[in-house]
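**Student:** In this note's numbering, the protein residues as written are 264 to 395.
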């Protein structure tokens with residue numbers, strides 16, 4: 264029997280939009296689509312994008328299509344993902360409804376360059392490329 268993948272669950276108001284952001288940006292495969300959740304996977308990680316429960320959705324405030332999402336910075340966890348290129352990720356993130364901080368805000372550590380960004384609902388996520 265093979266070992267299950269490590270991964271994360273992200274709760275989303277707009278399930279298809281958030282799932283598409285991660286699927287395209289991280290070149291993930293769609294593994295399962297059910298009412299209430301979408302499972303994405305790469306060789307390294309599995310990501311479950313789950314519909315946000317109604318009570319949490321109202322507590323988080325209504326999302327507005329006309330204004331960018333508030334960044335969810337006051338949370339105890341920040342996900343990070345490896346990408347081939349921060350520059351390409353920056354362009355793709357914007358096209359998918361998210362964003363990445365400008366190149367001037369990138370930093371280097373332990374063999375990678377990193378930059379924080381956000382998904383379409385404001386969840387802060389870090390992207391890392393090889394510094395080699």
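Virtual Cβ for every residue (Gly too), placed ideally from N, Cα, C.
Please name the residue, chosen from 355, 367, 385 and 393, that lies closest to residue 276 on a Cα-to-Cα basis.
**Tutor:** Of 355, 367, 385 and 393, the residue nearest in Cα terms is 385.
**Student:** Which of the three DSSP states, helix, strand or coil, is assigned to residue 373?
**Tutor:** In the structure shown, residue 373 sits in coil (DSSP, three-state: anything other than H, G, I, E or B).
**Student:** Classify residue 292: buried if its beta carbon has 16 or more other beta carbons within 10 angstroms, exposed otherwise.
**Tutor:** That one is exposed.
**Student:** In three-state DSSP terms, what is residue 292?
**Tutor:** Note: residue 292 maps to strand in three-state DSSP.
**Student:** State the Cα-Cα distance for the pair residue 317 and residue 273, rounded to the nearest angstrom.
**Tutor:** Each residue's alpha carbon lies about 15 angstroms from the other.
**Student:** Comparing C-alpha positions only, which one of 362, 379, 361 and 360 sits nearest to residue 368?
**Tutor:** With distances taken between Cα atoms, residue 368 lies closest to 379.
**Student:** Please report the Cβ distance between residue 341 and residue 311, rounded to the nearest whole angstrom; I am assuming they are in contact, meaning their Cβ atoms lie under 8 angstroms.
**Tutor:** Rounded, the Cβ-Cβ distance is 17 angstroms, inconsistent with contact.
**Student:** Please report the distance separating the alpha-carbon of residue 374 from that of residue 298.
**Tutor:** Whole-angstrom Cα-Cα distance: 40 angstroms.
**Student:** With DSSP as the reference, identify every bridge partner of residue 367, one or two as the case may be.
**Tutor:** Bridge partners of residue 367: none, in fact.
**Student:** Give me the Cα-Cα distance between residue 286 and residue 313, rounded to the nearest whole angstrom.
**Tutor:** Cα-Cα distance, rounded: 14 angstroms.
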